[in-house]
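Numbering (UniProt numbering), first residue to last: 1 to 610.
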């Protein structure tokens with residue numbers, strides 16, 4: 001695939017896109033020594049085992065084993081082809097690509113039907129937005145938007161639109177554009193009525209385009225403005241649009257989420273849009289449904305802290321509790337922004353302004369524990385002593401999950417004061433819940449930011465036989481110095497003992513013969529086998545690199561050669577033994593068998609260290 005793009009163009013694009021910056025668009029990375037660590041986007045985990053190195057421009061996960069360079073990362077995570085990854089990175093840095101290359105991105109990973117659906121959404125987004133902003137047909141939508149206090153700049157930014165109150169308008173428009181209406185019915189853009197008439201799913205509604213994390217519109221949310229039911233309507237579920245995995249406004253908000261190291265989670269589109277217009281930009285919302293584990297894990301990859309700000313009615317409070325529990329389970333630090341008197345965030349901001357929302361709602365946010373203690377009271381009749389005791393026992397169980405003894409004591413003091421107990425008695429009572437507390441053990445493990453899996457890989461490397469370690473270490477130095485590679489090629493050739501190592505060094509010899517520079521990221525890019533890419537990334541991440549002397553290189557070569565010769569000698573003896581057995585010469589076969597045992601014993605007593 002890389003043949004479509006000139007090598008110098010690929011090199012320019014790769015060099016312009018620092019791997020730490022690109023991966024930071026997907027993962028919250030924290031520096032630990034020379035590397036950066038975060039939660040792996042390829043598998044679920046609670047403590048970071050995903051490592052990125054700026055020097056080598058590669059990544060490796062010590063948990064699932066995936067690894068490679070910036071292009072590999074996008075191909076693995078987004079399902080891009082090589083060309084699509086190159087195009088994405090070029091666009092990211094404003095690098096011009098020949099039109100022939102751009103045309104080749106249409107598209108190897110997206111089915112033709114999905115391409116048509118995305119194209120239909122793109123056309124409709126433009127149409128509905130134009131009608132809202134500039135046409136008499138969008139007057140009803142325009143009036144609704146004006147009542148909600150949105151500026152033209154905000155309407156343009158979010159590409160808000162209006163689907164006219166003519167049921168067949170959209171079908172007619174798309175048909176003229178050459179779309180197959182049957183496909184758009186399957187996608188839920190159009191609806192086939194019982195009388196056979198094909199109508200717009202969203203007619204007579206204000207349109208909220210829903211974009212994925214790459215900023216591509218994959219669906220619509222629509223609100224009725226004339227008492228049409230249901231009040232809110234989303235696009236149908238599909239491979240492109242999955243409500244459980246998408247957060248509204250995530251594409252715009254993610255850079256502000258990283259900057260603030262906090263995400264503010266709303267329930268509705270208008271909450272997000274009004275807050276964004278007021279200058280509060282690290283805001284996202286669910287798709288009119290409860291927060292899902294997938295969405296919670298997405299937020300956790302980006303931030304430590306999530307502030308939940310749902311409506312203050314009973315349904316909103318219940319939704320807040322469910323969302324907080326999910327976020328706690330994926331190890332987010334959860335805060336609850338409290339609104340009163342049934343007010344929603346949109347109404348509050350419209351009434352009191354963004355500054356008041358920040359100062360009086362967001363900044364004084366409750367901890368999850370404070371919210372939980374208040375939330376729990378609805379399940380108990382606290383005038384009764386027995387219910388008081390049951391309530392306290394329930395709270396103590398939750399408090400036992402808190403790792404900080406200072407924080408625990410803070411809430412114990414609140415309990416002691418409210419129910420007239422001594423702090424000593426509550427401390428005594430909570431001990432029964434502290435002993436089996438797995439959450440605290442998990443938190444203690446997390447204190448060391450480098451995951452136990454990272455240590456496991458280093459330990460595993462130390463336990464390898466001497467020749468195996470020598471081969472891995474030599475490959476690392478060969479990747480960084482062509483002179484060392486030339487020496488190894490002359491003295492060993494491909495006579496490495498591990499088959500995968502043989503393949504790697506063979507590729508490396510060819511790589512240097514083509515005139516390429518010592519560049520681990522570039523070498524990985526030229527490998528076709530995904531397993532080899534992962535292995536090269538693992539070897540370079542887990543093998544220490546020091547200033548190396550000629551004597552050390554010679555030692556590595558000697559250890560590898562001796563193992564190779566020993567194995568070759570043993571294999572030769574085994575062939576001779578088999579021949580003696582075929583010639584019905586048991587005495588000779590037995591003598592050869594003794595030689596094999598002696599040779600193997602000699603190898604095993606030589607030791608594994610060098």
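In this text, a Cβ means the ideal position worked out from N, Cα and C, and glycines have one as well. Computed from a prediction, not measured in an experiment: that's the story for all the values here.
Using beta-carbon positions only, say whether residue i and residue j come within less than 8 angstroms of one another.
i, j, result
"residue 154", "residue 273", "yes"
"residue 316", "residue 232", "no"
"residue 25", "residue 254", "yes"
"residue 222", "residue 202", "yes"
"residue 532", "residue 559", "no"
"residue 310", "residue 217", "no"
"residue 234", "residue 285", "no"
"residue 308", "residue 265", "yes"
"residue 402", "residue 419", "no"
"residue 51", "residue 63", "no"
"residue 331", "residue 301", "no"
"residue 415", "residue 395", "yes"
"residue 366", "residue 343", "no"
"residue 520", "residue 31", "no"
"residue 279", "residue 354", "yes"
"residue 534", "residue 38", "no"
"residue 230", "residue 220", "no"
"residue 59", "residue 23", "yes"
Could you check how far apart the C-beta atoms of residue i and residue j are, in whole angstroms? I think they sit under 8 angstroms.
i, j, result
"residue 502", "residue 494", "5 angstroms"
"residue 28", "residue 258", "7 angstroms"
"residue 336", "residue 319", "That belief does not hold up - the Cβ atoms of residue 336 and residue 319 are roughly 11 angstroms apart, past 8 angstroms."
"residue 341", "residue 312", "7 angstroms"
"residue 200", "residue 169", "6 angstroms"
"residue 214", "residue 251", "7 angstroms"
"residue 16", "residue 93", "4 angstroms"
"residue 5", "residue 95", "11 angstroms between Cβ atoms; not a contact."
"residue 124", "residue 160", "With 8 angstroms as the limit, residue 124 and residue 160 do not qualify as a contact, their Cβ atoms being about 13 angstroms apart."
"residue 18", "residue 54", "7 angstroms"
"residue 399", "residue 430", "6 angstroms"
Quick one: Cα of residue i to Cα of residue j, how far?
i, j, result
"residue 71", "residue 82", "7 angstroms"
"residue 574", "residue 583", "14 angstroms"
"residue 496", "residue 321", "58 angstroms"
"residue 114", "residue 240", "7 angstroms"
"residue 97", "residue 556", "45 angstroms"
"residue 356", "residue 304", "25 angstroms"
"residue 445", "residue 129", "Below a pLDDT of 50, predicted positions are generally treated as unreliable, and residue 445, at 49, falls in that range; no measurement from the model is reported."
"residue 34", "residue 370", "39 angstroms"
"residue 196", "residue 84", "40 angstroms"
"residue 514", "residue 537", "21 angstroms"
"residue 228", "residue 262", "37 angstroms"
"residue 433", "residue 333", "22 angstroms"
"residue 472", "residue 539", "6 angstroms"
"residue 478", "residue 484", "6 angstroms"
"residue 244", "residue 295", "7 angstroms"
"residue 553", "residue 14", "31 angstroms"
"residue 490", "residue 242", "56 angstroms"
"residue 523", "residue 44", "29 angstroms"
"residue 134", "residue 21", "39 angstroms"
"residue 551", "residue 518", "22 angstroms"
"residue 174", "residue 137", "17 angstroms"
"residue 247", "residue 327", "14 angstroms"
"residue 498", "residue 77", "30 angstroms"
"residue 373", "residue 47", "28 angstroms"
"residue 409", "residue 384", "25 angstroms"
"residue 256", "residue 40", "21 angstroms"
"residue 427", "residue 412", "8 angstroms"
"residue 271", "residue 206", "15 angstroms"
"residue 566", "residue 469", "17 angstroms"
"residue 528", "residue 237", "35 angstroms"
"residue 185", "residue 352", "43 angstroms"
"residue 618", "residue 277", "Past the edges of the chain, shown from 1 to 610, lies residue 618, and the structure says nothing about it."
*Curious, which full-length alpha helix (DSSP H) runs of at least 4 residues does the UniProt domain "Toprim" (261-344) contain?*
269-277, 293-302 and 314-329
*asked:* Taking contact to mean 3 or more Cβ pairs, one atom from each stretch, closer than 8 angstroms, check whether the region 537-545 and the region 85-101 are in contact.
replied: no
*If you scan the region 336-408 from start to end, which runs of the alpha helix (DSSP H) of 4 or more residues do you find wholly inside it?*
345-352, 354-357, 368-376 and 385-399
*For the 8 angstroms Cβ check, are there 3 or more pairs between the region 180-198 and the region 116-131?*
yes
*Length at least 4, wholly inside the region 218-267: the alpha helix (DSSP H) runs in chain order*: 250-260
*asked:* Give the list of continuous alpha helix (DSSP H) stretches no shorter than 4 residues that lie fully inside the region 49-119.
replied: 70-78, 82-92 and 99-103
*asked:* Quick check for students: name the residue ranges of the alpha helix (DSSP H) that lie wholly in the region 503-562, counting only runs of 4 or more.
replied: 520-526 and 530-542
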